[in-house]
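> In our numbering, the protein residues as written are 3 to 392.
Okay, handing you the structure first.
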Amino acid sequence: MKILMLTPYLPYPLYSGGQIRSYNLLKNLSKKHQITLFSFIRSDKEIRYLKNLRPFCREVRVFRRRQPWDPRNLLLALLTPYPFLVSIYLSRHFREAITLELGKGNYDLIHAETFYIMPNLPQTKIPTLLVEQTIEYLVYQQFVRDFKFWPVKPLLYFDVLKINLWEKFYWRRASRLAAMSDSDRQMMNQSVKDKKVDVVANGVDSDYFSRVKPKAGQVVLFIGNFKWLPNRDAAHFLVKEIWPRIVACLPQAELLIVGRNPTPEILKLAKVGIRIDGSVADIRTAFAKASVLLAPIRNGRGTKYKVLEAMASGLPVVTTKLGIEGIEAESSVLVAESAGDLAQQTITVLEDHQLAGRLADKAKKIVYKKYNWQTISNRLNLVYQQLGGA
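Now the structure itself:
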């Protein structure tokens, strides 16, 4: 089939979960379909990465996205019904290019990643698959709850309300929907009962992580791209509330926090026994230094790549119910919610090497069987066939 894929980011380099997902799906689905990719970029420097995507695409076209704090975005968010998140991606040039491409391309299907690029899609009879990597309004709702400057909160809550309304509007407008987890699917079905919502989870390149040998010691690892608000929250929760309990029991333990785009607040978390590294080129080196992955995620839905990659690397995992959401872990990870319980589970893994080994072996088998990219791509291909073939 001929497919037009629209993404709010260029799917290369593989810095974020969204980029990892889109790149691997493109690589696998290109064997069965002709895919044209339209992507937003943040700067012209990203154009050098087009050579990494062209082998999998019939054509790749990129469009400059406005910087978030461009005054036009603020004005659109204040003076129009659009929320700030949607305003960033509103582009007349992008919409005109899509309109022209659909008019001449004879496409069977449109694949749109995230609802907030949907306003650029013109009215069309071509079936549209909208893939939601997370339910955005829940992420921003939690951010506003934690926001400290009270005079601005009413304005932020109003913007979250607009995100919620527009998200559901485009769920109804799409021909079919895909979510990352069953809980997200259920939530989306509550809003759009007449739409088919498929679960197309995230995956992992199992061969890429197969040779990692985690360290048998007392090194706790946290991973996260700090542009993502839930990762910032989890890092602060870990350092402020969980870590003191761990070092009280295991004084020699070390904490390694790895992730791109660390904010000044994240960098300030570094102290004796806590290292911050924002420049790891190959995440496998971080897994090889660690004894356990601790992912105390309290916000943000969807499958967590850090958890899947740790499981594929043979690294034991301690996380929350939200951290394991979308993964059929089958007791291969330890799950807790409170700071005290997360600390105790981590201590247990660090002290009991046999338990750590059993957890790691079981998790690795689950990932290799259910969450490799070929399996995930086959699932999405079935959706393509059902929607585009019709």
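No residue lacks a Cβ here, since even glycine has one placed at the ideal position from N, Cα and C.
All of these numbers come straight from a predicted model, not from anything done at the bench.
1) By a C-beta neighbour count over all protein chains shown, 10 Å radius and 16 as the cutoff for buried, is Thr9 buried or exposed?
2) Any idea what DSSP makes of Phe42, helix, strand or coil?
3) Beta-carbon separation of Asn191 and Gly19 under 8 Å?
4) To the nearest whole angstrom, what separates the beta carbons of Leu179 and Leu132, a pair I think is in contact under 8 Å?
5) Go through the segment 289 to 347 residue by residue and report every complete run of the alpha helix (DSSP H) that reaches 4 residues or more, in order.
6) Relative to the alpha-carbon of Ser32, which residue among Leu296, Asn383 and Gly391 has its alpha-carbon at the smallest distance?
7) In the structure shown, what three-state DSSP assignment does Asn204 receive?
8) First and last residue of the beta strand (DSSP E) that includes Lys4?
9) In three-state terms, what does DSSP make of Phe65?
10) Mind checking whether Phe228 and Ile285 have CB atoms under 8 Å apart?
11) By Cβ distance below 6 Å, which residues in the same chain neighbour Gly359 in space, the five residues on each side in sequence not counted?
12) Going by DSSP in three states, Leu132 sits in which element: helix, strand or coil?
13) For Pro246, count neighbouring Cβ atoms within 10 angstroms of its own Cβ and tell me buried if that reaches 16, exposed if not.
14) Indicate, with yes or no, if the ligand GDP has a heavy atom lying under 7 Å from the CB of Leu157.
15) Between the segment 269 to 277 and the segment 320 to 340, do three or more beta carbon pairs fall short of 8 Å?
16) Between the segment 146 to 162 and the segment 121 to 132, are three or more C-beta pairs nearer than 8 Å?
17) May I ask you to report which of helix, strand or coil DSSP gives Asn1?
18) What are the boundary residues of the beta strand (DSSP E) that Ala180 is part of?
19) Does the separation of the CB atoms of Ala297 and Phe224 fall below 8 Å?
20) Can you give me the Cβ contacts of Ile244 inside the same chain, cut-off strictly under 8 Å, excluding the 5 residues immediately before and after it?
21) DSSP state of Arg277, grouped into three classes?
22) Tell me which residues share the same chain as Ile119 and place their Cβ nearer than 7 Å to its Cβ, disregarding the 5 neighbours each side in the sequence.
23) So, at 6 Å on beta carbons, what are the nonlocal neighbours of Ser315 in its own chain, with the 5 sequence-adjacent residues on each side left out?
24) Below 8 Å on the Cβ atoms is my guess for Asn374 versus Val206; work out the distance and round it to an integer in Å.
25) Taking the beta strand (DSSP E) that Val222 falls in, what are its first and last residues?
26) Taking just the CA atoms, how far does Lys164 sit from Pro85?
27) On the CB-based measure, 16 or more other CB atoms within 10 Å of its CB, does Gln376 come out buried or exposed?
28) Would you check if the distance between the CB atom of Ser293 and the CB atom of Val221 is smaller than 8 Å?
29) Do you know how far the Cα of Gly328 is from the Cα of Ile378?
30) Give every residue of the same chain whose Cβ lies closer than 6 Å to the Cβ of Leu52, excluding the five residues on either side of it in the sequence, and list them in chain order.
31) How far does the beta strand (DSSP E) with Ile259 in it reach, from first residue to last?
32) Would you mind stating whether Thr38 and Leu12 have Cβ atoms separated by less than 8 Å?
33) Excluding five sequence neighbours on each side, which residues of the same chain lie with their C-beta closer than 6 Å to the C-beta of Gly226?
34) Residues in the same chain with beta-carbon distance under 7 Å from Arg66, minus the five sequence neighbours each way, listed in chain order, please.
35) Spatial neighbours of Tyr142 within its chain, please: C-beta separation below 7 Å, excluding the five flanking residues on both sides.
36) Would you give the residue range spanned by the alpha helix (DSSP H) that His355 belongs to?
The structure says:
1) As a first step, residue 9 must be located in the sequence shown, where it is residue number 7. Classification of Thr9: buried, given that the 10 Å Cβ count is 16 or more.
2) The residue you call residue 42 lines up with position 40 of the sequence shown. Three-state DSSP puts Phe42 in a strand.
3) Stepping through the sequence shown from its first residue, residue 191 is reached at position 189. Stepping through the sequence shown from its first residue, residue 19 is reached at position 17. No. Outside cutoff.
4) Residue mapping note: residue 179 aligns to position 177 of the sequence shown, counting from 1. Residue mapping note: residue 132 aligns to position 130 of the sequence shown, counting from 1. Sure, about 5 Å apart at Cβ, within 8 Å.
5) 307 to 315
6) For the purposes of this step, residue 32 is identified with residue 30 of the sequence shown, where counting begins at 1. If we check each option's Cα against that of Ser32, Asn383 comes out closest.
7) The residue given as residue 204 occupies position 202 in the sequence shown. In the structure shown, Asn204 sits in coil (DSSP, three-state: anything other than H, G, I, E or B).
8) Position 2 of the sequence shown, counting from 1, holds the residue named residue 4. That run of the beta strand (DSSP E) goes Lys4 to Thr9.
9) Mapped onto the sequence shown, residue 65 falls at position 63. Three-state result, Phe65: strand.
10) For this step, residue 228 is matched to residue 226 along the sequence shown. For this step, residue 285 is matched to residue 283 along the sequence shown. Going by C-beta atoms, Phe228 is not nearer than 8 Å to Ile285.
11) Along the sequence shown, one-based indexing puts residue 359 at 357. Excluding residues within five positions, none has a Cβ falling inside 6 Å.
12) Reading the sequence shown from its first residue, position 130 is the one you call residue 132. Assigned with DSSP and collapsed to three states, Leu132 falls in strand.
13) Here residue 246 is taken as the residue at index 244 of the sequence shown, counted from 1. With a threshold of 16 other beta carbon atoms within 10 Å, Pro246 falls short and is exposed.
14) Ligands in the displayed structure: none, and consequently the ligand GDP is not present.
15) no
16) As far as the Cβ criterion goes, the segment 146 to 162 does not touch the segment 121 to 132, which means the pair count is below three.
17) Residue numbering for the chain in the displayed model covers 3 to 392; residue 1 lies beyond these limits and cannot be assessed.
18) For this step, residue 180 is matched to residue 178 along the sequence shown. Arg178 to Ala181 is the extent of the beta strand (DSSP E) around Ala180.
19) Locating residue 297 in the sequence shown gives position 295, where the first residue counts as 1. Locating residue 224 in the sequence shown gives position 222, where the first residue counts as 1. Contact: yes.
20) Counting from 1 along the sequence shown, the entry for residue 244 is found at position 242. Residues Leu296, Pro298, Ala341, Leu344, Ala345 and Thr348 of the same chain have their beta carbon placed closer than 8 Å to that of Ile244, with the five preceding and five following residues left out of the count.
21) Start at 1 with the first residue of the sequence shown, and residue 277 comes out as number 275. Arg277 falls in the strand class under three-state DSSP.
22) On the sequence shown, position 117 is the one that residue 119 refers to. Excluding residues up to 5 positions away in sequence, Leu8, Pro10 and Tyr91 lie with their Cβ nearer than 7 Å to the Cβ of Ile119 in the same chain.
23) For the purposes of this step, residue 315 is taken as residue 313 along the sequence shown, with counting starting at 1. Excluding residues within five positions, the ones whose Cβ falls inside 6 Å are Phe211, Val214 and Phe289.
24) To locate residue 374, count along the sequence shown from 1; it is residue 372. To locate residue 206, count along the sequence shown from 1; it is residue 204. The beta-carbon separation of Asn374 and Val206, rounded to 7 Å, stays under the 8 Å limit for a contact.
25) Taking the sequence shown and counting its residues from 1, one reaches residue 222 at position 220. Unbroken beta strand (DSSP E) run through Val222: Val221 to Ile225.
26) For the purposes of this step, residue 85 is taken as residue 83 along the sequence shown, with counting starting at 1. For the purposes of this step, residue 164 is taken as residue 162 along the sequence shown, with counting starting at 1. Rounded to the nearest angstrom, the gap between the Cα atoms of Pro85 and Lys164 is 5 Å.
27) As a position in the sequence shown, residue 376 is number 374, starting the count at 1. It is exposed - the Cβ of Gln376 has fewer than 16 other Cβ atoms within 10 Å.
28) Position 291 of the sequence shown, counting from 1, holds the residue named residue 293. Position 219 of the sequence shown, counting from 1, holds the residue named residue 221. Result yes, Cβ atoms of Ser293 and Val221 sit closer than 8 Å.
29) Looking up residue 378 in the sequence shown gives position 376. Looking up residue 328 in the sequence shown gives position 326. Going from the Cα of Ile378 to the Cα of Gly328 covers about 13 Å.
30) As a working mapping, residue 52 is identified with position 50 in the sequence shown. Cβ within range, chain order: Val62.
31) Here residue 259 corresponds to residue number 257 of the sequence shown, with the count starting at 1. Glu256 to Val260 is the extent of the beta strand (DSSP E) around Ile259.
32) Position 36 of the sequence shown, counted from the first residue, corresponds to residue 38. Position 10 of the sequence shown, counted from the first residue, corresponds to residue 12. In this structure, Leu12 does not lie closer than 8 Å to Thr38 by Cβ.
33) Locating residue 226 in the sequence shown gives position 224, counting from the first residue. Excluding sequence neighbours, Gly226 sits near Asn233 and Gly261.
34) As a position in the sequence shown, residue 66 is number 64, starting the count at 1. Taken in chain order, the residues that qualify are Ile43.
35) The residue labelled residue 142 in the question sits at position 140 within the sequence shown. Cβ within range, chain order: Val162 and Ile165.
36) Your numbering for residue 355 matches position 353 in the sequence shown. Run containing His355: His355 to Lys372, per the alpha helix (DSSP H) assignment.
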